[in-house]
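Chains as they are written, first to last, in this note's numbering: chain F, 1 to 321; chain P, 1001 to 1321; chain B, 2001 to 2321. C-beta atoms are modelled at their ideal positions from N, C-alpha and C, and glycine is treated no differently. This structure is a prediction, so every number in the text was calculated from the model and none was measured. Accompanying notes for the structure given below.
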Amino acid sequence: MNMPAPSDLQIRPDGTLRHLLSIEGLPRSTLERLLDAAQTLRPQALGGTALRQRLAGRTVCNLFFEPSTRTRSAFHFAASRLGADVLGFDVSTSSTGKGETPADTLRTLEAMGVDCFVVRAREDGAVAALTAAAKPQTALINAGDGRHQHPTQGLLDMLTLRQARGEDFSNLSVLIVGDVRHSRVARSDIAALRTLGCRDIRVCGPASLLPDAGELQGCTVGHDLDAMLDGVDALMMLRLQRERMVEGLVPSLERYFADYGLDERRLARAKPEAVVLHPGPMNRGVEIADAVADGAQSLIREQVSNGVAVRMAVMLELLGG
Amino acid sequence: MNMPAPSDLQIRPDGTLRHLLSIEGLPRSTLERLLDAAQTLRPQALGGTALRQRLAGRTVCNLFFEPSTRTRSAFHFAASRLGADVLGFDVSTSSTGKGETPADTLRTLEAMGVDCFVVRAREDGAVAALTAAAKPQTALINAGDGRHQHPTQGLLDMLTLRQARGEDFSNLSVLIVGDVRHSRVARSDIAALRTLGCRDIRVCGPASLLPDAGELQGCTVGHDLDAMLDGVDALMMLRLQRERMVEGLVPSLERYFADYGLDERRLARAKPEAVVLHPGPMNRGVEIADAVADGAQSLIREQVSNGVAVRMAVMLELLGG
Amino acid sequence: MNMPAPSDLQIRPDGTLRHLLSIEGLPRSTLERLLDAAQTLRPQALGGTALRQRLAGRTVCNLFFEPSTRTRSAFHFAASRLGADVLGFDVSTSSTGKGETPADTLRTLEAMGVDCFVVRAREDGAVAALTAAAKPQTALINAGDGRHQHPTQGLLDMLTLRQARGEDFSNLSVLIVGDVRHSRVARSDIAALRTLGCRDIRVCGPASLLPDAGELQGCTVGHDLDAMLDGVDALMMLRLQRERMVEGLVPSLERYFADYGLDERRLARAKPEAVVLHPGPMNRGVEIADAVADGAQSLIREQVSNGVAVRMAVMLELLGG
């Protein structure tokens, strides 16, 4: 990890957003402005025609070097409900890219009139690297680069927490559970929580799935989930990729669930009003029990809805709609 | 087969449609209301902007667990000509579904603002089962589930028959030919014909491709096509999947065409004004001869056009547009 | 090669375009009318809503029998910025086509209301052949058929040349370099240059990648690139498919670049104001050096932008928008 914070790439001297590459380096004022905008957009985010003129005539391209129908759909809805044209360009299944550099693919689509690229990439930092190919007025949104960042997920998680617990994060206790080592979601969430003033960030997982200590400075780190639940306001459960078992990082899914799965018994150890988040897609019975996923404390579906609003807010800020 | 008629799932107490899952269990009045609506929509179904406000701001998702570009295109056109946003979500080729339940995939897309899901599934009854995951205001349309039902195909076939032969089906003789055993089209057509009062439904195919007798109660069943053509008003030819040969259910395509293929000679045995339907895609020279497929009695292209109108009618009824 | 010029198929008796199949057989007046229209559309081609009513309510289908995300995207943007509905129908990855003829696939989509098909096919002449299946009012655009033609690429290249060098091509020296034998781009460009009055067309490549002499009548043909650069106004570099190496037509990519790659040293031998074109996607370091691709004389990105305008002009002429 240890990517350089690309704040110089994503923030203009006047403080407005030029690209959205990482939560790292985003000033608190920018983060809060985006969250406020998303909250305002939220009632129109799921349908209707009220916002269709905002980005009418603009073009957004989902440029995916790694496949994802889920994230791509959320961006698709956000853009099209703002009236933008949306093109999906899946390089991972396309013949086009053969021998062509990602920069040339971007330049070509830009020359066709794309104003904003939503980019998912396999390598850490690949989206920031692509900004060098873009014209000054073209905006890039990082929709996930390797294990590095997934900033709109970080934003939607913060929006969901704010709706549940209010805007003051200073007295909030947040516990992140699971495969933090490989998770761009966790990295974005931790950065966002820090920026918003959260002082009690707890990180829990098996040693094989935690990152180097340097990345978690200021966080309380541990391996015993039951011991870390006391007083927790929010639990952020991470998806366990099944390949971790193949890689020998996890002995078995059953064992993982026994040690790190969130079930009702464990949830009862957190604060009574604690909320549960998960970025999806869920492995039910692996990192989360059905009763919790579908229970009253779960905000998982609300996260998804907030995700559309957050992406709208980001696009409007980037494209000045 | 023997799926429970899901009339309780698809019809509200006030008689309006909540989902469209099966022709089985649809009251005649509902069927006829949908056909009337489709007929009214038909002149605008293939283009123009007259209907673009009807579902403006609503979102339709083609959620396909089994690939189909053809049916998906028809639903795409129906929805977009009514002004809806349409998202194609192909689970069969997507990485998203990995480990995620179909219900969670639906709930996620629903949380993004999808109002109506067009669902194709491999298993009989899978679309009806998915309704349990949907919110009260979300509508599902079965676009084909296994061998069970394909209700919009049933509706478009009935609309095509009505246009050719009038609304009174009581004196109509309809002959369905081919692989009825594996055909959701045949099941939907038979149910629709029964509901609309057709009293002479004939079913013809090799024993290996006919369903259990219980399914065909009230139909005239036989294996000799030439012997069943007399007095027929409409021939509904079914597609023969080539895999039936691999499975040993059909000796050869040549043999099948000799026994069950519709050529001009055979068509001449039906009524002079008999019409020919086929759900597509056609295997020319297998279940139908070129001269019949492209002949004056063929309504095959009209079926396709009616398919757009029927799907518009269903969406408008479901979404109250 | 030696396809019959399909002028009878693509031009109506009144001189208007019915299909766009080939640059061969297009009268100069038609070519120039399309280029003039594209030039007029160019300022609106990359975004905005000014043209959205032109094809509102019309439907364009990208019917691709050979995959191409790049060309498909250009047509997608052209159609959608004119307000048309666009459907992508990728037969190469679809299950639909199984056993269905291309003509039936076209007829089916036409029956759903498609007004214009953009067709890419593997076989020379396949798009012209498909016109026989279409209704009189349905238009086809050849988006590349085998090694035969790619007429919108020819048009966009001519538009790019005109912008750089003016409308009089009679004193222009154009050099086409590379795999002419397998290139539909080269065939379209040569035909367009001839029709527009260009008298000095030079073609350079290894003997294994040049077509039969009969195809290049009137062109200056050679194998020594350095010897052919003198006085050249425009260089049209062709993409080298890597499979040519597997086929033994090219010894190595390094060797190819040494002999036929365009670098700064070579470019300096052409006229000082010479421009460089490439249809994309580029193999940097194979047929073109970075310094040239990204240099001041490169019009490669301008070609891409012109490609949207040209496709708009063609669709408007075909659909009478």
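### Task
Going by CA-CA distance only, name the one from B:Val2174, B:Gln2149, B:Arg2147 that's closest to threonine 2160 (chain B).
For threonine 2160 (chain B), the nearest C-alpha among the options comes from B:Val2174.
### Task
Check each residue of the stretch 1294-1313 of chain P: if its Cβ is closer than 7 Å to any Cβ of chain B, include it; give the result in chain order.
Those would be Arg1301, Val1304, Ser1305, Val1308, in chain order.
### Query
Who are the near neighbours of alanine 1038 (chain P) in its chain, counting only those whose CB is closer than 6 Å to its CB and skipping five residues on each side?
The beta carbon of alanine 1038 (chain P) sits closer than 6 Å to the beta carbons of Leu1159, Ala1309, Val1310, Ala1313 from its chain, once the five residues preceding and following it are set aside; these are given in chain order.
### Query
Which chain B residues are close to leucine 87 (chain F), counting only those with a beta carbon under 9 Å from its beta carbon?
Those within 9 Å of leucine 87 (chain F) in chain B are Ser2073, His2076, Phe2077, Ser2080.
### Task
Within the same chain, show all residues whose beta-carbon is closer than 8 Å to that of leucine 1031 (chain P), passing over the 5 residues directly before and after it, in chain order.
Cβ neighbours of leucine 1031 (chain P) within its own chain (closer than 8 Å, five residues either side excluded): Ile1023, Leu1155, Met1158, Ala1192, Thr1195, Leu1196.
### Task
Spell out whether any CB of chain C is found under 8 Å from the CB atom of threonine 138 (chain F).
No chain C is present in this structure, whose protein chains are F, P and B.
### Query
Name the residues in the stretch 1039-1067 of chain P whose C-beta lies less than 7 Å from a C-beta of chain F; which are they?
Under the 7 Å Cβ criterion, the stretch 1039-1067 of chain P contributes Ala1056, Gly1057, Arg1058, Thr1059.
### Task
Grab me the residues of leucine 2017 (chain B)'s own chain with a C-beta within less than 7 Å of its C-beta, minus the 5 sequence neighbours each way, in chain order.
Excluding residues within five positions, the ones whose Cβ falls inside 7 Å are Gln2010, Ile2011, Thr2030, Glu2317, Leu2318.
#### Entry: 8 Å Cβ shell around glycine 1280 (chain P) - same chain, five flanking residues per side excluded
Excluding sequence neighbours, glycine 1280 (chain P) sits near Arg1070, Arg1239, Ile1300, Gln1303, Val1304.
### Query
How many whole angstroms separate the CB atoms of valine 114 (chain F) and alanine 143 (chain F), which I take to be in contact at a CB cut-off of 8 Å?
The Cβ separation is near 15 Å, so there is no contact.
### Query
Quick check: the stretch 205-215 of chain F against the stretch 181-192 of chain F, are there 3 or more CB pairs under 8 Å?
Result yes; three or more Cβ-Cβ pairs closer than 8 Å.
### Message
Can you find the residues in the same chain that come closer than 6 Å, C-beta to C-beta, to arginine 1042 (chain P), ignoring five residues on each side of it along the sequence?
### Response
Answer for arginine 1042 (chain P): Ala1309, listed in chain order.
### Proximity of arginine 1120 (chain P) and phenylalanine 1065 (chain P) at Cβ, strictly below 8 Å
Going by C-beta atoms, arginine 1120 (chain P) is nearer than 8 Å to phenylalanine 1065 (chain P).
### Message
Helix, strand or coil, according to DSSP, for alanine 235 (chain F) in the structure here?
### Response
Looking at the sequence itself, residue 235 (chain F) is leucine, so the reference to alanine does not match. Looking at leucine 235 (chain F) - three-state DSSP - the assignment turns out to be strand.
### Message
Rounding to the nearest angstrom, what Cα-Cα distance links glycine 1307 (chain P) and arginine 1242 (chain P) in this structure?
### Response
Their backbone Cα atoms lie some 25 Å apart in a straight line.
### Query
Should aspartate 2189 (chain B) go down as buried or exposed, given a rule of 16 or more other Cβ atoms within 10 Å for buried?
Here aspartate 2189 (chain B) is buried. Its C-beta has 16 or more other C-beta atoms within 10 Å.
### Through-space distance from serine 1092 (chain P) to proline 1004 (chain P), alpha-carbon basis
For proline 1004 (chain P), the pLDDT reaches just 43, beneath the cut-off of 50, and the residue's location in the model is therefore unreliable, although a value from the coordinates is still provided. Straight-line spacing of the CA atoms in proline 1004 (chain P) and serine 1092 (chain P) works out to 27 Å.
### Task
Please compile the residues from chain F whose C-beta is within a distance smaller than 8 Å of the C-beta of glycine 1320 (chain P).
Neighbours of glycine 1320 (chain P) on chain F: none; closest Cβ ~13 Å, over 8 Å.
#### Entry: Given 8 Å, three or more beta-carbon pairs between the stretch 259-266 of chain F and the stretch 226-238 of chain F
When C-beta atoms of the stretch 259-266 of chain F are compared with those of the stretch 226-238 of chain F, three or more pairs fall below 8 Å, so the two segments count as touching.
### Query
Which residue from F:Ala132, F:Thr152, F:Asn283 puts its Cα closest to that of leucine 26 (chain F)?
When F:Ala132, F:Thr152, F:Asn283 are compared, the shortest CA-CA separation from leucine 26 (chain F) is found for F:Thr152.
### Task
Could you check what DSSP says for isoleucine 1190 (chain P) in three-state terms: helix, strand or coil?
Three-state DSSP puts isoleucine 1190 (chain P) in a helix.
### Query
Looking at the structure shown, is valine 185 (chain F) part of a helix, part of a strand, or coil, going by DSSP?
Three-state DSSP puts valine 185 (chain F) in a helix.
### 9 Å Cβ cut-off: residues of chain P touching alanine 2129 (chain B)
The contacting residues do not exist; alanine 2129 (chain B) stays about 16 Å from chain P at best.
### Query
What in chain F is Cβ-close to alanine 1111 (chain P), meaning under 7 Å?
Within 7 Å Cβ-Cβ: Arg301, Val304, Ser305.
#### Entry: DSSP state of asparagine 2142 (chain B) mapped onto helix, strand, coil
Asparagine 2142 (chain B) falls in the strand class under three-state DSSP.
### Message
Buried or exposed for serine 68 (chain F), going by 16 or more other Cβ atoms inside 10 Å?
### Response
Flag for serine 68 (chain F) reads buried.
### Query
What does valine 203 (chain F) pair with, by DSSP beta-bridge criteria?
According to DSSP, valine 203 (chain F) bridges with F:Ile176, F:Val221.
### Task
Could you tell me how far apart the beta carbons of arginine 81 (chain F) and leucine 35 (chain F) are, in whole angstroms, since I believe they sit closer than 8 Å?
Their Cβ separation, rounded to whole angstroms, is 19 Å, which puts arginine 81 (chain F) and leucine 35 (chain F) out of contact at 8 Å.
### Message
Considering Cα atoms alone, identify which of P:His1150, P:Val1250, P:Ala1270 is closest to leucine 1225 (chain P).
### Response
Answer by Cα proximity: P:Ala1270.
### Query
Does DSSP classify glutamine 149 (chain F) as helix, strand or coil?
In this structure, DSSP gives glutamine 149 (chain F) an extended state, which the three-state scheme calls strand.
### Query
Taking Cβ-Cβ distances below 8 Å as the criterion, which residues of the stretch 1254-1276 of chain P are in contact with chain F?
So nothing in the stretch comes that close.
#### Entry: Other residues of its chain near aspartate 85 (chain F): CB distance less than 6 Å, five sequence neighbours each side excluded
Correct list, in chain order: Thr59.
### Query
In terms of residue numbering, what span does the alpha helix (DSSP H) encompassing valine 1310 (chain P) cover?
Looking at the DSSP string, the run of the alpha helix (DSSP H) that includes valine 1310 (chain P) is 1300-1319.
### Bridge-paired residues (DSSP) for phenylalanine 169 (chain F)
Answer by DSSP bridge pairing: none, since phenylalanine 169 (chain F) is not bridged.
### Closest by C-alpha distance to leucine 140 (chain F), when choosing among F:Leu172, F:Ser73, F:Glu247, F:Ala103
Ranked by Cα distance from leucine 140 (chain F), the options F:Leu172, F:Ser73, F:Glu247, F:Ala103 are led by F:Ala103.
### DSSP state of isoleucine 11 (chain F) mapped onto helix, strand, coil
Collapsing the DSSP output to three states places isoleucine 11 (chain F) in a strand.
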